[in-house]
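J.:
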Amino acid sequence: MITVLVADDQAMIRAGFASLLSAQPDVRVVGQAADGLEAVAAARDLRPDVVLMDVRMPNLDGLEATRRITDAGRETKVLILTTFDIDDYVYAALRGGASGFLLKDAPPEDLITAVRVVASGEALLAPSVTRRLIEEFAARRPIDEREALRLNALTAREREVLRLVASGLANAEIAAELTIAAETVKSHVGRIFTKLGLRDRAQAVVLAYESGLVVPGTPPAEARRGRRLRS
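So the sequence shown is numbered by numbering that gives the first Met the number 0: it starts at 0 and just counts up by one.
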């Protein structure tokens, strides 16, 4: 059973999301919050698997609430909900530990799927804006030398896998791209996350751009093309 906390300052939206999710046999809504402070307190007390977090809320916005929840070190995942497909707050939330984001006007089935994906430990970014979002904000920032130095902990193969993760490929697609087994890719991804202290693919994408491993404006085909390395 996936437990969910819904945080949104609009009562009708909270009720709508809660009703939709509660109708699923594998989801239980354990609480609701009307602002960021309530969300942080409820996440601490209820320990939900997933928090649906609105970005703009009174008292404490969704960005700071997300940071506080993820910094607490618990297993709770945060899924950002926003009405904007390009939003400074969303990018900052991803950097702060959110596992992804979804547009509020996405179809109901997409929201249900998103909760399940995030609860399983995977990251989820709205497909229509993933690359555009990351590039939009990464392009505004110089390469972060500290993030670039973190990549020194990776082998050449692990860098290649991280580059492909950042281009949006799933493990099976990376396996096909590199002509290696899917389980081998899974092992590489696990080691990358451990070495770099990453929670999920969302943070991996951000790091890949901010470290200069993937350059904003690079066509997807080129971002995905790398040296063919042997495992």
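Cβ coordinates follow ideal geometry from the N, Cα and C atoms, glycine included.
Just so it is clear, the structure is predicted and the values come from calculations on it, not from any experiment.
(1) For L168, which three-state DSSP category applies?
(2) Taking the alpha-carbon positions, what's the K76 to D44 distance?
(3) Run through DSSP, which three-state label would V213 get?
(4) Once you ignore the five residues that flank L110 on each side, which residues in its own chain have a CB closer than 6 Å to its CB?
(5) In three-state DSSP terms, what is T183?
(6) Which residues does DSSP list as the beta-bridge partners of M52?
(7) Can you give the beta carbon distance from L20 to L36, rounded, assuming they're within the 8 Å contact cut?
(8) Taking buried to mean at least 16 other C-beta atoms within 10 Å of its own C-beta, is T178 buried or exposed?
(9) Does Q31 come out as helix, strand or coil in the three-state DSSP assignment?
(10) Mind checking whether V49 and L62 have CB atoms under 8 Å apart?
(11) Tell me L101's beta-bridge partners as DSSP assigns them.
T.: Short version:
(1) coil
(2) Each residue's alpha carbon lies about 15 Å from the other.
(3) coil
(4) none
(5) helix
(6) A6, I79
(7) In fact, because the Cβ distance is near 23 Å, the residues do not count as touching under 8 Å.
(8) T178 comes out exposed.
(9) strand
(10) no
(11) L80
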